[in-house]
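In my numbering, the protein residues as written are 1 to 304.
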Ligand code: AMP
């Protein structure tokens, strides 16, 4: 069955200490679907844009086997906009603008043929919308969910409902601390897993990611990149690589989930090397596999 991705499709304006871009293609569903498309095709997105959304961006997604049947285009509506500014170390950012626009009245409708989707990735989006999507699915087998501080602060009750119905939550370290009210990440992970999602992945920016399950704590290394241009979308690319690989292999064993974490990390490492979706537009599965092997090389050590 198909991989269903729900999230924002956006215009992003990004400012780093080195360069700025305006109105670039962005959004959680955009990054997730592009990253996942290197593992499984087609991928299906459900989301909304306004009539100001350029055809060239739709063509770009379709060229990557992203099926747009579930993307609503609102006549005279304005596409979601986000702007962020990164600090000198590129690890922290300030959100300068969040304009929900067409998302304010968005009612996600899952096309009939996608209601049986078994693998679902709920990208960063209003948790109320994530719930509306789950309500329409017949028997979701594996639900991966992402969120951000904006929703943890503004819609925490709804977010907790989503967590109860999800298998995996992917968030970054500061979001984990915010959601759990707990500064220590290990204690924080325990508290969050009790909220619902039994598999938790905490991303630590350029310091790798931690996977927590019932029996496993796994630490994925960070890829030592010399050139980081734009961290926007790294988390979503991680989610896309992670879910795309699991959908491709249809294997939810603990060992395969670890592999998926490394594939997610590989996609995030590509994403940040260029601005916006540039890097994700021009990859090949061979390059993805090469990077997976490099992750092995940098983290392997011998028993004594
Ligand atoms: P990430 O860097 O992985 O956290 O994701 C950045 C992407 O999330 C950008 O492309 C934004 O368009 C999108 N985004 C930012 N804020 C929101 C929000 N409140 N709801 C949905 N998507 C958002």
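Glycine included, C-beta positions come from ideal geometry on N, C-alpha and C.
For residue i, does the three-state DSSP call read helix, strand or coil?
i           : result
residue 23  : strand
residue 116 : coil
residue 92  : coil
residue 208 : coil
residue 124 : coil
residue 184 : coil
residue 172 : strand
residue 235 : helix
residue 277 : coil
residue 72  : strand
residue 219 : strand
residue 138 : coil
residue 298 : helix
residue 102 : helix
residue 202 : strand
residue 197 : coil
If I follow the unbroken beta strand (DSSP E) through residue i, where does it start and stop?
i           : result
residue 49  : 43-50
residue 283 : First-last for residue 283: undefined, no H or E at that position.
residue 81  : 80-86
Are the beta-carbon atoms of residue i and residue j separated by less than 8 Å?
i           : j           : result
residue 84  : residue 232 : yes
residue 105 : residue 141 : no
residue 130 : residue 122 : yes
residue 80  : residue 7   : no
residue 4   : residue 44  : yes
residue 261 : residue 200 : no
residue 307 : residue 152 : In this structure the chain extends from 1 to 304, so residue 307 is not present and cannot be described.
residue 208 : residue 219 : yes
residue 11  : residue 23  : yes
residue 146 : residue 181 : no
residue 175 : residue 198 : no
Residue i lies in the alpha helix (DSSP H); which residues open and close that run?
i           : result
residue 152 : 149-154
residue 269 : 254-271
residue 55  : 55-63
Rounded C-beta distance between residue i and residue j? I'm assuming under 8 Å.
i           : j           : result
residue 66  : residue 108 : In fact, because the Cβ distance is near 17 Å, the residues do not count as touching under 8 Å.
residue 158 : residue 127 : 4 Å
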